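Numbering (this note's numbering), first residue to last: 664 to 771. Ideal Cβ placement from N, Cα and C applies to all residues, glycine included. Being a predicted model, the structure only gives us computed values, none of them experimental. So the structure is just underneath, and the comments pick up after that.
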């Protein structure tokens, strides 16, 4: 597998991206992304004239773009896909937290 270093980026939770930047990295059109916002599957961090999104949504959006391309999803399937991916991520986080051993803060 060859990794294109121009696509490598540190995902900083405080970094914000525009709709156009999301379109570039995901392969989804700006219209498709706006539809995802309208459906509630993608939530902007700010709702100014040009909305911005946190960098944390990049992974989910790229995955949705690849799934749409590979499985030829229609516009109706993308919002459901994003909501399911987000739910899976939440459940994985809960599972990881449940598996962490309790570490006492004070030893006798």
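According to DSSP, residues forming a beta bridge with residue i
{"i": "residue 680", "result": "716"}
{"i": "residue 709", "result": "715"}
Identity of the residue in the options nearest residue i by Cα
{"i": "residue 741", "options": "681, 701, 683", "result": "701"}
{"i": "residue 680", "options": "688, 703, 715", "result": "715"}
{"i": "residue 733", "options": "691, 678, 683", "result": "691"}
{"i": "residue 687", "options": "678, 730, 713, 721", "result": "721"}
{"i": "residue 749", "options": "719, 678, 739, 763", "result": "719"}
Burial state of residue i, where buried means 16 or more other Cβ atoms lie within 10 Å
{"i": "residue 728", "result": "buried"}
{"i": "residue 709", "result": "exposed"}
{"i": "residue 695", "result": "buried"}
Close-in-space but distant-in-sequence residues of the same chain around residue i (CB under 6 Å, 5 per side omitted)
{"i": "residue 724", "result": "685, 689"}
{"i": "residue 735", "result": "none"}
Cβ-based neighbour list, residue i, same chain, cut-off 7 Å, excluding 5 preceding and 5 following
{"i": "residue 745", "result": "699, 704, 705, 723, 727"}
{"i": "residue 738", "result": "695, 698"}
Cβ neighbours of residue i in the same chain (closer than 8 Å, five flanking residues each side left out)
{"i": "residue 697", "result": "682"}
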